[in-house]
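Notes follow once the structure below has been shown.
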Amino acid sequence: MAEWKTLIVEDEAPTRELLVNYCLARPELKLVKVAKDGEEALEYLQNEEFHLAFLDINLPILSGLDILEKLENPPYIIFITALRDKAIEAFEFGVIDYLLKPFSKERFFKAVDRALEILGNEADKPSKNVFNEHGLFILEKENHFLIPYGEIIYISSRDNFSVVHTEKRQYVTYKSLKSLEQKLPPSKFLRIYKQYIINLEKLSHLQSDNMGNYSVHLKDEDETQLPVGRKYISKIKELL
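So for the sequence shown, the UniProt record's numbering puts the first residue at 1; every next one is plus one.
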């Protein structure tokens, strides 16, 4: 049975102890570190690789959202929060699930089961920074396709599958966006939102409105316009 390296980040002692006990009750989880504030958590995440993190949003020094904004390659995240509106905001970062305090053992196990399913499906993914020079290789139903990078306009995620958009057609694959992102050369593609990756060659321009929201415009027949998450804005500005 696979063991997945796990981090707990929680400043409240009772909840922290509860999370530790619940993690120890799941043999699939290998609890490696426990952090009590955002600064300690960031240090762990920058210096060690984790598969899964239970991350409180409201933390001393750095919030859970602050931590994720500073990480280029975060682990899968299950957020812990006492505020429902914060949990909704957190989904911009592509988290697996969130646990609203106070949560039961059954609710915790449900979130873990969801995480384990995703981790198990991606256990055979290729090593990071190893890319097919010819294009993106995907499985759609029983058919295998090799899509040249230059034909891809953008990739979107919907529920438990992803869609590769090209001028000719759309390819649907039961792979997460994170899994596909790791198969794409970062010099050619960029994550701009929890649900979108764009081909940089198809990027036309970046636009903002009076409310401080950003969107990208793509150079395709549909003149596609996609939202940009706040954690990705600075990277796109650098490229432009």
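Note that CB positions come from ideal geometry on N, CA and C, so glycine has one too.
Using CA coordinates, which residue listed in the options is at the minimum distance from residue i?
{"i": "E117", "options": "L146, N143, N160 and I147", "result": "N160"}
{"i": "H165", "options": "E223, E133 and Y232", "result": "E223"}
{"i": "K36", "options": "E69, A13, N47 and K219", "result": "A13"}
{"i": "L200", "options": "I236, R230, R107 and I147", "result": "I236"}
{"i": "H205", "options": "Y76, P75 and P227", "result": "P227"}
{"i": "I78", "options": "E48, S157, N143 and L100", "result": "L100"}
{"i": "Q170", "options": "I192, P185, L7 and L139", "result": "L139"}
{"i": "K194", "options": "S104, I233 and R84", "result": "I233"}
{"i": "E221", "options": "E39, N73, L184 and K168", "result": "K168"}
{"i": "N73", "options": "R191, H217, E238 and D209", "result": "R191"}
{"i": "I80", "options": "E69, I96 and K70", "result": "I96"}
{"i": "K5", "options": "L203, L18, R84 and V34", "result": "V34"}
{"i": "K141", "options": "I152, Y149, S162 and P148", "result": "S162"}
{"i": "L42", "options": "L71, K188, Q207 and L19", "result": "L71"}
{"i": "S219", "options": "G120, F137, T15 and I153", "result": "In the sequence under discussion, the amino acid at residue 219 is Lys, which differs from the Ser named in the question. Nearest C-alpha to K219: I153."}
{"i": "K178", "options": "D66, H134 and N121", "result": "N121"}
{"i": "P186", "options": "L68, N21 and G135", "result": "G135"}
{"i": "Q207", "options": "P60, Y22, I197 and G229", "result": "G229"}
{"i": "E49", "options": "L7, R158, Q182 and N21", "result": "L7"}
{"i": "L19", "options": "E39, V112, I61 and S63", "result": "V112"}
Determine the burial state of residue i: buried for a count of at least 16 other Cβ atoms within 10 Å of its Cβ, exposed for fewer.
{"i": "L24", "result": "exposed"}
{"i": "H51", "result": "buried"}
{"i": "I155", "result": "buried"}
{"i": "I225", "result": "The sequence given here places Gln at residue 225; Ile does not occur at that position. It is exposed - the Cβ of Q225 has fewer than 16 other Cβ atoms within 10 Å."}
{"i": "L180", "result": "buried"}
{"i": "P102", "result": "exposed"}
{"i": "F108", "result": "buried"}
{"i": "D209", "result": "exposed"}
{"i": "A2", "result": "exposed"}
{"i": "S104", "result": "exposed"}
{"i": "G150", "result": "exposed"}
{"i": "L239", "result": "exposed"}
{"i": "K128", "result": "Reliability fails at K128, whose pLDDT of 43 lies under 50, so the model's placement of it is uncertain and the value that follows must be treated cautiously. Per the 10 Å Cβ criterion, exposed."}
{"i": "F137", "result": "exposed"}
{"i": "I198", "result": "buried"}
{"i": "I67", "result": "buried"}
{"i": "residue 241", "result": "Residue 241 is absent from the structure shown; the chain starts at 1 and stops at 240."}
{"i": "L146", "result": "exposed"}
{"i": "L65", "result": "buried"}
{"i": "P75", "result": "buried"}
Just to check, is the beta-carbon of residue i closer than 8 Å to a non-hydrogen atom of the ligand COA?
{"i": "I147", "result": "Absence of the ligand COA is noted for the structure shown, with no ligands found whatsoever."}
In the DSSP assignment, what residue or residues form a beta bridge with residue i?
{"i": "P227", "result": "S215"}
{"i": "Y154", "result": "H165 and I198"}
{"i": "N143", "result": "E140"}
{"i": "L206", "result": "V216"}
Task: Within the UniProt domain "Response regulatory" (5-116), ranges of the beta strand (DSSP E) (whole runs, at least 3 residues) - done: 29-35, 52-56, 76-81 and 97-100
- [ ] Output the residue ranges of the beta strand (DSSP E) runs that lie fully inside the segment 156-194 and measure 3 residues or longer, sorted by chain position.
- [x] 161-166, 170-173 and 189-193
Open item on the list: With three or more beta-carbon pairs closer than 8 Å as the criterion, would you say the segment 173-182 touches the segment 210-228?
Closed with: no
- [ ] Examine the Cβ distances between the segment 102-122 and the segment 26-45 and report whether three or more of them are shorter than 8 Å.
- [x] yes
Open item on the list: Pairs of beta-carbons, one from the segment 1-12 and one from the segment 56-72, closer than 8 Å: are there three or more?
Closed with: yes
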